[in-house]
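A short write-up of the structure that comes next.
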Amino acid sequence: MKQIIIYILPFLALGACTSGQLEEQAYKQWVENPENGLIVRKEIGQFAYELFYKPLPYQLLQAKDSVEATEEQQHTEYYTLKIESLDGQDVLKSGARDVAEYNNRLFYLADYIQQDLSLIQGGDTLPCLFAHYERNYGLAPYAKVTLAFEVEKKATPQEKTIRFNDPVFGAGPVQFYYPTTTLNNIPKLKQ
706 MKQIIIYILP FLALGACTSG QLEEQAYKQW VENPENGLIV RKEIGQFAYE
756 LFYKPLPYQL LQAKDSVEAT EEQQHTEYYT LKIESLDGQD VLKSGARDVA
806 EYNNRLFYLA DYIQQDLSLI QGGDTLPCLF AHYERNYGLA PYAKVTLAFE
856 VEKKATPQEK TIRFNDPVFG AGPVQFYYPT TTLNNIPKLK Q
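All letters in the sequence shown, in the order written, are residues 706 to 896 by my numbering.
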């Protein structure tokens, strides 16, 4: 009997996660779990590119705002792009030939990356609304950029692809795909 319970418990827990509504902490954990598909990672050359889609309730919880979204927030999708050096070095220095290449990477992340990002949803290709580089001064082997895209609010989620045309780190176009099934599985935040 104990063996049956041990086998059934994981399925009950899984059912609770996909039942549709989760408390704040459980919701955060679900969204941050890479197995749920909101974090897409690709390793290309000496770098890893990771994109984290942040649903609006998660974004509001992180910002410690109320769970009531403004009209502007309802039409904005947020992501975090992380570019990581696989050799453990500062991503700005990893493989850089000289100080000029280091500076080129730094200025690109701070000022120009936005122009190389787009969201493809349905038949639309949308430009990046803003991109904010979070500089860590070499304390970590990665760079993080917060992204926002202005989207039309849909009754049901549509598959989407974020395209990053990387001219600086050498990957060329990198695409992050979020299928409709993944987006439909995002639970609701319990109010």
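The beta-carbon is built from N, C-alpha and C at its ideal position, and this holds for glycine as well.
Note that the structure is predicted; figures quoted are calculated from it, not measured.
To the nearest angstrom, report how far apart Q863 and F881 are at their CA atoms. 14 Å
Under three-state DSSP, which class holds N890? The DSSP-derived three-state label of N890 is coil.
What is the DSSP secondary structure of A718, counted as helix, strand or coil? Low confidence applies to A718: its pLDDT is 43, below 50, so where it sits in the model is not reliable enough to give any reading.
Please report the straight-line C-alpha distance between Y758 and Q751, rounded to a whole angstrom. 23 Å
The stretch 806 to 815 contacting the stretch 731 to 746, beta-carbon criterion three pairs below 8 Å: no
Spatial neighbours of P884 within its chain, please: CB distance less than 7 Å, with the 5 preceding and 5 following residues excluded, ordered by chain position. Closer than 7 Å at Cβ, skipping near neighbours: E864.
Check whether the stretch 823 to 833 touches the stretch 799 to 806, counting contact only when three or more Cβ pairs, one atom from each stretch, lie closer than 8 Å. no
Check whether the Cβ atoms of F869 and E782 lie closer than 7 Å to each other. no
Which two residues bound the contiguous beta strand (DSSP E) that contains Y883? G877 to Y883
Beta-carbon contacts of K858 that lie in its chain and below 7 Å, excluding the five residues immediately before and after: Q779 and H780, listed in sequence order.
Would you decide whether K769 is buried or exposed? Buried here means 16 or more other CB atoms lie within 10 Å of its CB. exposed
Just to confirm, are L791 and A753 a CB contact at a threshold of 7 Å? yes
Which of helix, strand or coil DSSP assigns to D795: coil
Grab me the residues of G877's own chain with a C-beta within less than 7 Å of its C-beta, minus the 5 sequence neighbours each way, in chain order. D871
Range covered by the alpha helix (DSSP H) that runs through V804: V804 to F812
Pick out whichever of Q726, G793, Q764 and Y784 has its Cα sitting closest to the Cα of Y847. Among Q726, G793, Q764 and Y784, the Cα nearest to that of Y847 belongs to G793.
Can you name the start and end residues of the alpha helix (DSSP H) that V736 belongs to? V736 -> alpha helix (DSSP H) spans E729 to E737.
Where Q899 falls, given that 16 or more other Cβ within 10 Å makes a residue buried: Nothing in the structure corresponds to residue 899, since the chain is present only between 706 and 896.
To the nearest angstrom, how far is the alpha carbon of E740 from that of I788? The alpha-carbon atoms of E740 and I788 are separated by roughly 20 Å.
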